[in-house]
Each structure stands twice: as C-alpha cells, then as structure tokens.
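Visitor: Let me begin by handing over the structure; questions about it come next.
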Amino acid sequence: MDLALRLSSDAPHYLSWSWLSVSVPNLIVIGAMIALFVIAIVLPFPKGRHDSREDS
Amino acid sequence: MSTDTARHEAAPAAPATTWIGRLRDLLQRKLPYDKLLPETQPAYMASWIYVFGVLTLGALGVIVASGAVLAFRGPAWYHISTTGLFFNSLHFWSVQLFFLFMVIHLAGKFWMAAWRGKRAKTWITGVVAFVVAVGAALTGYVVQTNFDSQWIAFEAKDGLNAVGIGSWFNVADLGQNLLIHVFLLPAILGVLVAIHLLLVRVHGIVPPIDAAEVVERTTVQEKSQPEEAR
Chain A
0 MDLALRLSSD APHYLSWSWL SVSVPNLIVI GAMIALFVIA IVLPFPKGRH
50 DSREDS
Chain B
0 MSTDTARHEA APAAPATTWI GRLRDLLQRK LPYDKLLPET QPAYMASWIY
50 VFGVLTLGAL GVIVASGAVL AFRGPAWYHI STTGLFFNSL HFWSVQLFFL
100 FMVIHLAGKF WMAAWRGKRA KTWITGVVAF VVAVGAALTG YVVQTNFDSQ
150 WIAFEAKDGL NAVGIGSWFN VADLGQNLLI HVFLLPAILG VLVAIHLLLV
200 RVHGIVPPID AAEVVERTTV QEKSQPEEAR
C-alpha cells in the first residue's frame, strides 16, 4: 500500500529527445499498444465450432 | 378488413405513401434481420485484429455500468468506502482499456483502409466517436474531485484559454463539467456508436485489402450457386 501510494504521488520520470518529451508510464502504454497490435496480427486465431462442423 | 389482409398476404407491396412506410421499406431493404443479427461471420474475420472493436464496446459497457453506480452513490461514497473505491477504480481502469482497445481498433482499420467499399460513413462515425470519447475522458478527469482533477483542470484551462474557448467551456466549473460528462457526451457517444454499429451491419465487416477481390468473387459465385451445392 505504501509503495502504491508512493508510486501514485511521485511525479513520473520523463524522457526527452529534442522536441519530444514523454513520461515513462505513457511510453509503456504506447509500447503495450504497439506490441498488442503486432501480436493481434501475428498470433493465429483459434478455429471456431463452425469451421469443423459438418453441415446437416 | 379482409381486403387489407388479402393485400398484405398476396399482392406485391404497394409503394409506401407515409414517411413511416418509407422508413420501414428502407430498413427492410438495407438492413434485413439476417444482416442485422448474423449468426456467422466471413472467414477473413478469423484474426485477433478483428476482436478489438467488440472489446472496445465491452469496455464501454463496463464504463457505463460503473458510471451509473458512481452517479447514484456520489463522491462521499466512492472516495471513502472500499466498495466505492472499487467502483471508482473499475470506472477509471475500464476507461484505460477502452482507449487502449479503441486505439488498436482505429490503427487496424486505418492500415486496412476500412473506408473501402462505401464504408466512408462507418469510418467517419468511428473517428468522430473517438474525438467525443476524448472529450468525455477529459471531463471525467476533471470531475474526479481530488487533487489530480484540480491539477488536470488548471493545466487544461490554460490550454483552452489559449485557443479562446475557455470562457464558455470552463474546466474549473465542476457543475458544468459533471453534466457534460454524465449526460451530454455519453448521449452523443451512445448515438454515434449505435449509428457506427448499424453501418457496420449494413455494409458488412471490411475484408483485408488482399482478400477484397477474393471475397467479391466468392460472393458472386455463392449467389449464382444453389445452397446445397456449397
């Protein structure tokens, strides 16, 4: 709980490159979104019931 | 009475003469029940990238439900009691997931040029819904009634003053922002999402770029073949 309070009350660490400035938490979220996007395209989708069912 | 019955059952439908009749005919033509509530989806949808639209919708459902609970119980409850804090967090984190899913949904649709095949209105309603959701999120942040909301409100106020709209959209006005957050923007977003979903049903889910030609060819073949031959 103490750790959670400290993490939520402290100012986030910022990374800066020239004109670009981004906080580490925001960078993590952006990275997670890009990773999820790539995984969603690459990961095979499980076959559904209808794919193997014989039509009666 | 009997004449009416006979006309409905046997004769071809006469052109509608009222706006309700014309609306009914339009809906029957554009969105028949099997198109509105399909049981199967095209094979090209077997990809995780097609899941993010419905994930966004699911997150929106949690946002609305948890927001309704917060509205009924009020800040004195959701800042103090453990159950209140849980619902407060549920509302906050479902918003985070909503935006995460929506951005991936948006990126996926952008890169597959989802406005193809007369789907421009579907794309536009989605983009406008995204912008309205950003407004709903901002007003949500400034009505948290904590120090974080004060900080965000006064940072945003500087920005809004700088672009000249701070006099009528005042993020430091809790009452104005609360009403915008709990009524105006959710109502607009609800209508936009409903139109977006209906347009998806009318025009169908967009096929991947390299599959579009195959889908078109298959659809033509299926229409020309009897059901049992497939």
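Line order of the protein sequences matches chains A and B. Under numbering that gives the first Met the number 0, the letters of the first sequence match residues 0 to 55, in that order. Under numbering that gives the first Met the number 0, the letters of the second sequence match residues 0 to 229, in that order. All C-beta atoms in this analysis are idealised placements derived from N, C-alpha and C, irrespective of residue type, glycine included.
Tell me the residue span of the alpha helix (DSSP H) that contains B:Leu59.
Guide: Phe51 to Arg72
Visitor: Check each residue of the region 124-136 of chain B: if its Cβ is closer than 8 angstroms to any Cβ of chain A, include it; give the result in chain order.
Guide: none
Visitor: Find the nearest neighbour of B:Thr124 within the set B:Pro37, B:Leu198 and B:Pro206, judged by alpha-carbon distance.
Guide: B:Leu198
Visitor: So A:Leu42 contacts chain B; which residues on that side make the cut at Cβ distance below 7 angstroms?
Guide: Trp47
Visitor: I'd like to know if A:Ile27 contacts chain E, where contact means its C-beta is closer than 9 angstroms to some C-beta of that chain.
Guide: Considering every chain present, this structure includes no chain E. Its protein chains are A and B.
Visitor: What number of angstroms, rounded off, separates the C-alpha of A:Val28 from the C-alpha of B:Val130?
Guide: Between A:Val28 and B:Val130, the C-alpha separation is close to 19 angstroms.
Visitor: Are the C-beta atoms of A:Leu14 and some chain B residue less than 9 angstroms apart?
Guide: no
Visitor: Kindly indicate if chain B contains any beta-carbon less than 9 angstroms away from that of A:Leu35.
Guide: yes
Visitor: Which chain B residues sit within Cβ distance under 9 angstroms of A:Ala39?
Guide: Ser46, Trp47, Ile48, Tyr49, Val50, Phe51, Ile103 and Gly107
Visitor: Sorted by chain position, which residues of the same chain lie with C-beta nearer than 7 angstroms to B:Leu84's C-beta, five sequence neighbours on each side aside?
Guide: Residues Tyr77 of the same chain have their beta carbon placed closer than 7 angstroms to that of B:Leu84, with the five preceding and five following residues left out of the count.
Visitor: Does the region 109-116 of chain B touch the region 151-165 of chain B, meaning 3 or more C-beta pairs lie closer than 8 angstroms?
Guide: no
Visitor: On the CB-based measure, 16 or more other CB atoms within 10 Å of its CB, does B:Asn145 come out buried or exposed?
Guide: Counting other Cβ atoms within 10 Å of its Cβ, B:Asn145 stays below 16 and is therefore classed as exposed.
Visitor: Determine the DSSP secondary structure at B:Trp150, reduced to helix, strand or coil.
Guide: helix
Visitor: Put A:Leu19 into one of helix, strand or coil per three-state DSSP.
Guide: If DSSP states are grouped into helix, strand and coil, A:Leu19 belongs with the strands.
Visitor: Closer than 7 angstroms, Cβ to Cβ, to anything on chain A: give me those residues from the region 84-100 of chain B, in chain order.
Guide: Leu99
Visitor: Going by the beta-carbon positions, is the gap between B:Ala171 and B:Phe153 smaller than 9 angstroms?
Guide: Contact flag set, yes.
Visitor: I think B:Ser93 touches B:Ile62, with their Cβ atoms under 8 angstroms apart; what is that distance to the nearest whole Å?
Guide: 5 angstroms
Visitor: For B:Leu36, which of helix, strand or coil comes out of DSSP?
Guide: coil
Visitor: Between the C-alpha atoms of B:Thr81 and B:Gly139, what's the straight-line distance to the nearest angstrom?
Guide: 21 angstroms
Visitor: Can you check which of these residues, B:Asp157, B:Leu96 and B:Leu26, is closest to B:Leu59 by C-alpha distance?
Guide: B:Leu96
Visitor: Take B:His90 as the anchor and find which of B:Ala75, B:Phe71 and B:Ser65 has the nearest alpha-carbon.
Guide: Of B:Ala75, B:Phe71 and B:Ser65, the residue nearest in Cα terms is B:Ser65.
Visitor: I'd like to know whether the C-beta atoms of B:Ala128 and B:His202 end up nearer to each other than 9 angstroms.
Guide: no
Visitor: Does the beta-carbon distance from B:Ala67 to A:Met32 come in below 9 angstroms?
Guide: no
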